[in-house]
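For reference, the structure discussed in these notes is given below.
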Amino acid sequence: MNIFRLAGDMTHLLSILVLLLKIYATKSCSGISRKTQELYAIVFVARYLDLFTDFISVYNTFMKVVFIASSLAIVWCMRFHPMVRRSYDRELDTFRHYFLVGASFALALILHEKFTVQEIFWAFSIYLEAVAILPQLVLLQRSGNVDNLTGQYIFFLGAYRAFYILNWIYRYLTEPHFTRWIACVSGVVQTALYADFFYYYFISWKNNSKLKLPA
Amino acid sequence: DQQESVKDEL
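Chains as they are written, first to last, in the numbering used here: chain F, 7 to 221; chain C, 73 to 82.
Shown next as structure tokens:
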């Protein structure tokens, strides 16, 4: 564990806390893509199948359980909580996310480290995570303005990805056999998807104005 | 040389 990896995990955790806070405090999920949240739930369940087969550390197990539980809880709230579900921007959240699931799974069948069920689901989760933010970014683009908590949620998610890239560079330089091409290439793609959002986030931060995305 | 296959990242 290096400092970049820890910072990445913490900003990831923080992003989820911000999202839970928004939903809990405002009883609203406006501006949040349910499709992106469903994709994250699929990502975590598919990736952490090793919870039952490999023990790495208490920290690792704890974080995995937190990510699975929180992503399922968010999806549950958006689908079934009587007040939260009413605020869902259904008509703006029209990205065909099943297409992303299919494409990611097809890619995992072709590109994986080993041809085993666990490894294919792991690769699938990496590919799906890389593109899971797309429905969310499309929803923001359509709605135009972004409330503070939603903006911070996406900012922390992007920061998590950026820290993971620093972590891989650090590991590549310090560990003799660190090569994880599937995760690293997908991670760079995933982070690149945030570039546009980050640009407008920093502009609004610098001008001390409300975050707005161009139509 | 054994390849590391343990997924230690989240």
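Think of the CB as a built atom: it goes at the ideal place given N, C-alpha and C, for glycine as much as any other residue.
Would DSSP call residue i helix, strand or coil?
i	result
N66(F)	helix
K28(F)	helix
N151(F)	strand
K120(F)	coil
K216(F)	coil
S34(F)	coil
P141(F)	helix
V78(C)	coil
Thinking just about the alpha-carbon of each residue, which of the options is nearest to the one in residue i?
i	options	result
I160(F)	T122(F), L23(F), N8(F)	L23(F)
Y104(F)	K41(F), A189(F), I126(F), Y94(F)	K41(F)
D15(F)	P182(F), F162(F), A75(F), L27(F)	F162(F)
P220(F)	L179(F), S149(F), F169(F), C190(F)	S149(F)
A36(F)	M89(F), E44(F), T59(F), T17(F)	The residue you asked about is not Ala; residue 36(F) is Ser in the sequence shown. Taking only the C-alpha atoms, the option nearest S36(F) is M89(F).
L226(F)	I38(F), L45(F), S63(F), I74(F)	The structure shown does not extend to residue 226(F), since chain F spans only 7 to 221, so no value can be given for it.
E135(F)	R11(F), S63(F), E44(F)	E44(F)
How would you label residue i, buried or exposed, when you count the other beta carbons within 10 angstroms and need 16 or more for buried?
i	result
Y65(F)	exposed
G108(F)	exposed
K120(F)	exposed
K212(F)	exposed
Check the Cβ-Cβ distances between residue i and every residue of chain C, and say whether any is below 9 Å.
i	result
W128(F)	yes
H118(F)	no
Y46(F)	no
Y170(F)	yes
M69(F)	yes
R11(F)	yes
Could you list which residues in chain C have their beta carbon closer than 8 Å to that of residue i, in chain order?
i	result
N8(F)	Near N8(F) there are no residues of chain C at all, since even the closest Cβ is about 11 Å away, more than 8 Å.
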